[in-house]
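Contents: one structure, followed by commentary.
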Amino acid sequence: MPKDHGIGAAQKRREDVRFLTGAGQYTDDISVYGQTYCAFLRSDVAHGTIKSIDTSDAEAMPGVLRIFTGKDFEGIGGLPCGWQVTDKHGEPMKEPGHPVLAQGKVRHVGDPFAAVIAETLEEARDAAEAIVYDIEELPAVVNMKAALEEGATKVHDDLSDNLCYDWQFGSDQTDVDKAFAEAAHITTLELVNNRLVANPMEPRVALGEYNRANDESTLYTTSQNPHVIRLLMGAFVLGIPEHKLRVVAPDVGGGFGTKIFHYAEEAFVTFASRQLNRPVKWTSTRSEAFMSDAHGRDHVTKIELALDAENNFTGLRTDTLANMGAYLSTFSSSIPTWLHGTLMAGNYKTPAIQVNVKAVFTNTVPVDAYRGAGRPEATFQLERLVDKAARELGVDPIALRRQNFIDSFPYATPVAVEYDTGDYVATMDKLEEMIDRQGFEARREESRKRGKLRGLGVNCYIEACGIAPSNLVGQLGARAGLYDAATVRVNATGSISVMVGAHSHGQGHETAFPQVVAEMLGIDESMIDIVHGDSSKIPFGMGTYGSRSLAVCGSAMVRATEKIINKAKKIASHLLEASEADIELKDGQFTVAGTDKSVAWGDVTLAAYVPHNYPLEEIEPGLEETAFYDPSNFTYPSGAYACEVEVDPETGRVEILSFAAADDFGNVVNPMIVEGQVHGGIAQGIGQAMLENCVYDENGQLLSASYMDYAMPRAEDVPFFQVDHSCATPCTHNPLGVKGCGEAGAIGSPPAVVNAVLDALNAGGMKVDHIDMPLSPHRVWKAMQG
Amino acid sequence: MTKVTMTVNGKAVSKEVSGNTLMTEFLRDALHLTGTHVGCDTSQCGACVIHVDGKSVKACTMFAAEAEGAEVVTIEGMANPDGSLSVIQQAFQDHHGLQCGFCTPGMVMTAAKLLEENPRPSEHEIRDYLEGNICRCTGYHNIVKAIMAASGQDVSGIAAE
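Protein sequences appear in the order of chains Y and W. With the UniProt record's numbering applied, the first sequence covers 1 to 786. With the UniProt record's numbering applied, the second sequence covers 1 to 161.
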């Protein structure tokens, strides 16, 4: 019988009612008294020298209050990068300046170099168009290989070249060389991980408000981590003391990583509102979002696998070029290195692994974390390579995977992480059951009769979630701790507000988090509310990304609730005149063990706040506790995915017929929410595999700059998904045993789709080793023609 | 500026608008009905779908002045008179047909119109009808399922939500 409350219950989401009735409050829904509007003037060339900006005509236009250019930000900090990577020679990465408004040069299409504040949005936009400027266009570098060539145009004049860092990681060189020298077979693959735009449906918005009475600034912003934005903007950009800065991220319409970062527009509206002593609001258009939200992926890789005569994996080496874009976005440097390189072992016990990454500056929008961040890139390389190896060796791709699975835990990989738990055989068994693999050949034959090529693609994945521990990431270059925090505030009447550092932008925290606390206390979920997204109300937490909400912040909440229980037991022991050690909490009642003496939760909470007849020297009044939780390891969700496709040999059109995912997320708090997260991830992965592509021309013009040109997955592009999470091996090092589920779908699905298409083509008699994503009909048709 | 008069969610409203005021701006800024969302500037995403004189319309593609005398329904007008969720809204909650909620008003308005036109749509008909609405969170699985459920179809055989 499924549970109807507490941990494990598929509870319906309480936040849905406001979203379904139009009562949600997203940042653009907020307007404040005296609000002004901001329009940015953005570069229409990829690279150029700003010769002059004449704002005089624009300043005289109706409603215009002030026009800012880069000059106004001289002496003010630029946008910081939150992670320093050290290259293979021990040198720090290159960190070019990233001014709030471009100074001297523009470096990508969309780089803002002026901004107008006016009484209405229309007036601001009209005036922005009236600014007269002279930008002398310079040659742009877009292609990473070209950017690294001798004499290439430099994105930043003050750097010696366009190489941000040259990073190497993994096993000893001699071990890797030996594995390849002694290999019975080597499989090599070159591939591209296509550049994507995250495209949460809500465009970014920033509203800055200044209160002269107390010298405080408030920033309302579409962010996944309000406290981090407050710290970065206060300490590194504007120099405003943190206690004078409040950052509020209310309902946020999707993030997928792209709302983690501290953006120029946030710092700008905060700065401008202080200068004007008027609130300043900026609302991104979708077209603006394409050229100002950080992009994702964009790797070019050569990867090689060494196998012995028994088809055991003996060595892996990979060389990646990772596009950073024109500037270093907040966490950009960590994505191709620590979030990608450390997952290159995948699910396999390959003894020698070497990862090489060159990060490259180009005249493109900055690239940073997007759903999965590094792990999808690692998984795509590895799982495409294993499939190719199986084809070359003439063995079954599932059998080859099974043979090489890591099968005992904990397992320390050659790339510095230790998987605590997992059962890759179980997820693969489950997957094969879900997809009726036995029946596949009959389905293929049926397709063949209709003139279609049917293919089955399978792959595995592993990811690292719940990013932490602080002391480790600090050694790796992180400039922030990666704990999280929760405060459990029990009211006198027994209801509870839980203030969390995590941020919900679609993940259902308001429903799932109370399920945990309710289960621990034995009270009803309706007594518990979650407070998030406002730095003035919540403890200093790090926000939501990398599937860390429950694993890290949820663990902090568990620890704080344990403190609450301990104190409540003290109070109950006083009320019951019994020894504290004899007090038990069950179903919301404190009972003296072995007796029928009890006191209800509400009586204890009332006593905490009405401390008459109370040993105050032993017990402080009140019932409110905070915990900061810093995990001892990442968590390692894993799984096996399968996709079945039909390819039209006449046109190259691919139809996805079915998709199945068998995931191991450890313990699950709300299975309905977890499955929804997987669905969304799979659709984004299918989007990457089949449709989405962010394309620049050779001059750095962004060709896919709206939904007219960037193909978002729509309802007809995806089937119903089969999702299972029954193969659970709980995480061993967090109190909930949870692993995280938000990115799995986006990591696991692209190789399954591509493997399926290649299976279809090869089974149809065409020898095709690889097709780069997205698998448009044109690309597939071309590949079929040889 | 011209004066425009219309009925929005059963209530008569009359406001001065300029000729180029979009319906989205009118609803959001003049009437403070912020449930109608703006997700793009190319009429592709469908977050702003409303009903105008019984037709499903992307509010970003019409001027407020064009709605003169019209009966307009927005997401704020979709719940039952007693405030409880309508059948389609309830189905979205029951089947987890939303996550961040930003596309949701447009999805609900589109789905409601579909069920008026076709009370028992097939999976294919639903996916086809949702062509003008983008969701980035749900992968559409639970949206399609919710619409089938709202039309009275048995969805227990569809993979779990």
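Ideal placement from N, C-alpha and C gives every residue a C-beta, glycine not left out. Fair warning: this is a prediction, and the values are worked out from it, not measured in the lab.
By the criterion of at least three beta-carbon pairs nearer than 8 Å, the stretch 18-35 of chain W is in contact with the stretch 14-31 of chain Y. Considering only beta carbons, the part of the stretch 122-134 of chain W lying closer than 9 Å to chain Y consists of E123, H124, I126, R127, D128, Y129, L130, E131, G132, N133, I134, in chain order. Note that the C-beta distance between Y:R443 and Y:E624 is not below 8 Å. For chain Y, the residues of the stretch 81-106 of chain W that bring a beta carbon within less than 7 Å of one of its beta carbons are L85, Q89, F92, Q93, D94, H96, L98, Q99, C100, G101, F102, C103, T104, P105, in chain order. Here Y:R107 is near Y:V155, since their CB atoms are less than 8 Å apart. DSSP places Y:G170 in the strand class (E or B) of the three-state scheme. Taking a Cβ-Cβ threshold of 9 Å, the residues of chain Y close to W:L33 are G22, in chain order. Following the DSSP letters along the chain, one finds Y:R317 inside the beta strand (DSSP E) bounded by residues 313-325. Rounded to the nearest angstrom, the gap between the Cα atoms of Y:P62 and Y:E123 is 7 Å. Neighbours of Y:M708 in chain W, taken as residues at a C-beta separation under 8 Å, are given in chain order as T42, Q44. A residue is called buried once 16 or more other Cβ atoms fall within 10 Å of its Cβ, and Y:Y37 is buried on that count. If you draw a straight line from the Cα of Y:H532 to the Cα of Y:R195, it comes to about 32 Å. Ranked by Cα distance from Y:G255, the options W:E125, W:G101, W:R127, W:A111 are led by W:G101. Looking at the DSSP output, Y:Y411 sits in a beta bridge with Y:Y419. With respect to the C-alpha of Y:L101, the residue from Y:V116, Y:Q515, Y:H89 having the closest C-alpha is Y:V116. Here the alpha carbon of Y:F313 sits roughly 19 Å from the alpha carbon of Y:T301. Counting along the chain, Y:E216 sits inside the beta strand (DSSP E) bounded by residues 216-221.
Taking a 10 Å sphere around the C-beta of Y:K51, we find fewer than 16 other C-beta atoms and assign the residue as exposed. One Cα belongs to Y:Q224, the other to Y:Y33, and the distance between them is close to 26 Å.
In the assembly as shown, Y:K567 is a buried residue. Its beta-carbon has 16 or more other beta-carbons within 10 Å. The C-beta separation of Y:G639 from Y:D664 comes to about 6 Å, placing the pair in contact by the 8 Å criterion. Following the DSSP letters along the chain, one finds Y:L232 in no beta strand (DSSP E), marked with neither H nor E. Under the three-pair Cβ rule at 8 Å, the stretch 174-194 of chain Y counts as touching the stretch 372-388 of chain Y. Collapsing the DSSP output to three states places Y:R384 in a helix. Burial check for Y:H679: the Cβ neighbour count within 10 Å reaches 16 or more, so the residue is buried. Annotation for Y:K569: the continuous alpha helix (DSSP H) segment containing it runs 555-576. For Y:K12, at least one C-beta of chain W is nearer than 8 Å to its own C-beta. Your pair Y:A662 and Y:P376 does not check out as a contact, with CB atoms roughly 18 Å apart and the cut at 8 Å.
For W:S156, no alpha helix (DSSP H) encloses it, and the DSSP letter there is neither H nor E. Bounds of any alpha helix (DSSP H) do not take in Y:W282; it lies within the beta strand (DSSP E) bounded by 280-283. Against chain W, the CB of Y:Y26 has a partner CB under 8 Å away; the residue lies at that interface.
Straight through space, the alpha carbons of Y:G451 and Y:E743 are spaced by roughly 36 Å. Collapsing the DSSP output to three states places Y:S579 in coil. Among the bridge pairs identified by DSSP, Y:Q589 is matched with Y:K586, Y:A600.
If you check the CB distance, Y:G666 and Y:G554 do not come in under 8 Å. Secondary structure at Y:A130: helix, using DSSP grouped into helix, strand and coil.
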